[in-house]
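K.L.:
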Amino acid sequence: MKELIYIVPCHRIPERCLHIKGKPMPICTRCFAILLGYLFVPIMLTFKDLPLYSAILLSIPMLVDGFTQKWKWRKSNNILRFITGLLFGIGQSIFISIIIWFIVGSIK
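Going letter by letter, the sequence shown gives residues 17 to 124 in my numbering.
As structure tokens, then:
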């Protein structure tokens, strides 16, 4: 079961991972938060008319954080990575629910 987490494409840099009892988690903080955000899919499926722009807006903070860090304009921290990753995961949950409702509507 532990090896299952290694299918997640993640850089696994120890200083960017949350630590439990002094040991880094097998995925970084941002990837962990994105996966937590995916848990919102069942909740988002209860709403049929979610606008697509809400998914896009929730994805923007992570993109800004990730690219400004990649371009070495600033250095991010794990709290910011967690927050932006969670928002991105929730945005992706909204996007997934929109796609599912579109498919369900096309079948009828």
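Even for Gly, the Cβ is constructed at its ideal location relative to N, Cα and C.
If you follow the alpha helix (DSSP H) that Phe-98 is in, where does it begin and where does it stop?
P.N.:
Taken as a continuous stretch (DSSP letters only), the alpha helix (DSSP H) holding Phe-98 covers 94 to 123.
K.L.:
Tell me where the alpha helix (DSSP H) around Phe-83 begins and ends.
P.N.:
68 to 86
K.L.:
Flag this pair as yes or no: are the beta carbons of Gly-105 and Leu-52 separated by less than 8 Å?
P.N.:
Their beta carbons are under 8 Å apart, which means Gly-105 touches Leu-52 by this criterion.
K.L.:
Going by DSSP, name the residue or residues bridged to His-35.
P.N.:
Pro-40
K.L.:
Under the assumption that Phe-48 contacts Leu-34 (Cβ atoms under 8 Å), give the Cβ distance between them as a whole number of angstroms.
P.N.:
6 Å
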